[in-house]
Amino acid sequence: MSSDGDDDFLNRWSRRKHAARRGAALPEPDPPPPAAEAPPAPAASMPAAETPAPELPPVESLKGLESEYKDFLRPDVDPATRSAALRKLFGDPHFNQMDGLDIYIDDYTKADPIPPAMLRTLYQARTLGLFEKEEREEEERKKAEGSTTEPTPAATPTETAALEQPTEPPSVEPTAPSPAEQTTRTPGA
Numbered sequence: 045m046s047s048d049g050d051d052d053f054l055n056r057w058s059r060r061k062h063a064a065r066r067g068a069a070l071p072e073p074d075p076p077p078p079a080a081e082a083p084p085a086p087a088a089s090m091p092a093a094e095t096p097a098p099e100l101p102p103v104e105s106l107k108g109l110e111s112e113y114k115d116f117l118r119p120d121v122d123p124a125t126r127s128a129a130l131r132k133l134f135g136d137p138h139f140n141q142m143d144g145l146d147i148y149i150d151d152y153t154k155a156d157p158i159p160p161a162m163l164r165t166l167y168q169a170r171t172l173g174l175f176e177k178e179e180r181e182e183e184e185r186k187k188a189e190g191s192t193t194e195p196t197p198a199a200t201p202t203e204t205a206a207l208e209q210p211t212e213p214p215s216v217e218p219t220a221p222s223p224a225e226q227t228t229r230t231p232g233a
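Count along the sequence shown from 1, add 44, and you get the number used in the numbering used here.
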């Protein structure tokens, strides 16, 4: 905001506010200066209304990106014709390709988005018993082959830590009771 003395907006506003409180007549704003008349346009540049509009090709003859649509975008073209031409333009296969930035284009109706090998390792799959039938069939097949010994699965680090002998905490030497503890103790306790 510029501070141009009396012409400053805040100064004018303040003067009008005080005049309205006093009940005085409000000063009338100055009329805007008359616009300078523009020189006449040269004869070479005729207004758009006077130039003959080029003949529009039929909308059915347009061929997607190969055609020119500039004439259909002029302001004097019928909106229905403009709309039909743009519909023809954007119906071109070039504009119907996915760009890969759309986050919802994947097929989320797939029955197996997680590979079965990974699904077998999930706790939820074991809890729900998704592979119990296959595991029983595998055990029966092994028994039928004569292999009764099953390899033990490798223990996880947490299971290994749980099987190790617990270490004893460092011994803490007892300290002498404080005088407050000595007075509160009852004899024979």
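We put the beta carbon where it would ideally sit given N, CA and C, even for glycine.
In this text, all values refer to a predicted model and were calculated from it rather than measured experimentally.
Helix, strand or coil, according to DSSP, for residue i in the structure here?
i      : result
Pro168 : A small correction: the amino acid at residue 168 is Gln; Pro does not occupy that position in the sequence shown. If DSSP states are grouped into helix, strand and coil, Gln168 belongs with the helices.
Lys107 : coil
Met162 : helix
Pro137 : helix
Leu70  : coil
Leu100 : coil
How about residue i and residue j: are their beta carbons less than 9 Å apart?
i      : j      : result
Asp115 : Pro98  : yes
Arg126 : Leu117 : yes
Leu133 : Phe139 : yes
Could you work out which residue in the options is closest to residue i when comparing CA atoms only?
i      : options                        : result
Glu110 : Arg118, Thr125, Pro137, Tyr148 : Pro137
Gly135 : Glu184, Lys107, Lys61          : Lys107
Asp122 : Glu104, Leu100, Glu72, Arg164  : Leu100
Ala129 : Asp120, Asp143, Glu112         : Glu112
Ala161 : Ile149, Glu178, Tyr148         : Glu178
Leu10  : Asp151, Glu176, Tyr152         : The chain is shown only over 45 to 233; residue 10 falls outside these bounds and no answer can be derived.
Does the beta-carbon of residue i have 16 or more other beta-carbons within 10 angstroms, so that it is buried, or is it exposed?
i      : result
Ala188 : exposed
Starting from residue i, follow the alpha helix (DSSP H) in both directions and report where the run begins and ends.
i      : result
Asn55  : 53-66
Arg28  : Outside the modelled stretch of the chain, which goes from 45 to 233, sits residue 28, for which no answer is possible.
Glu112 : Premise fails: Glu112 is in no alpha helix (DSSP H) and is neither H nor E.
Arg185 : 176-189
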